[in-house]
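16 is the number of the first residue of the sequence shown in our numbering; add one for each residue after it.
All C-beta atoms, glycine included, are put in the ideal place defined by N, C-alpha and C.
Since the structure comes first, as structure tokens, the remarks are kept for the end.
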Amino acid sequence: EPVMAASTASTGSFATKKIYKSGDAQVSEIEESVAKAFVELEITSKDLSAELRDLFILSAKEVDVPGGKKAIVIFVPYRLHKR
């Protein structure tokens with residue numbers, strides 16, 4: 016059973032609700048940034064607010080892609096994929 020991870024996000028306790036980790040797993044900087052971005056979008060975008068309200072992430076990783084660029088892969092629980 017995943018547990019809510021603690022975060023020092025500047026967007027307050029809202030960002031902590033967007034990251035779930037198993038056991039004592041630590042929140043990475045990239046995961047914290049993704050959670051903050053989701054919270055900011057939820058607060059500022061009326062169109063996306065309802066869609067993002069129940070969204071949370073399990074993990075986020077930065078990966079290299081062709082052309083010397085980077086991308087962020089965001090992992091969400093399977094049950095959220097259809098939303």
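Do you know offhand how far residue i's Cα is from residue j's?
i	j	result
G82	E46	24 Å
A21	V42	Annotation note: pLDDT 43 at A21 (below 50); position unreliable, no value reported.
R68	K84	30 Å
E55	S74	18 Å
S60	G38	33 Å
P92	F29	19 Å
I34	A50	7 Å
K36	E44	14 Å
For a quick check, are the C-beta atoms of residue i and residue j less than 8 Å apart?
i	j	result
V78	V88	yes
F71	K32	yes
E57	S64	yes
With distance defined between alpha-carbon atoms, name the residue in the options nearest to residue i.
i	options	result
E66	V49, F53 and K76	F53
In the DSSP assignment, the beta strand (DSSP E) including residue i goes from what residue to what residue?
i	result
S88	The residue you asked about is not Ser; residue 88 is Val in the sequence shown. Where V88 is concerned, the enclosing beta strand (DSSP E) stretches over K84 to F90.
Could you check where the alpha helix (DSSP H) with residue i kicks off and where it finishes?
i	result
K51	E44 to T59
Per the DSSP calculation, residue i is bridged to which residue(s)?
i	result
D79	K85
Taking 7 Å as the line, does the beta carbon of residue i fall inside it for any heavy atom of the ligand MN?
i	result
I58	What this structure holds is no ligand at all, so the ligand MN is not there to describe.
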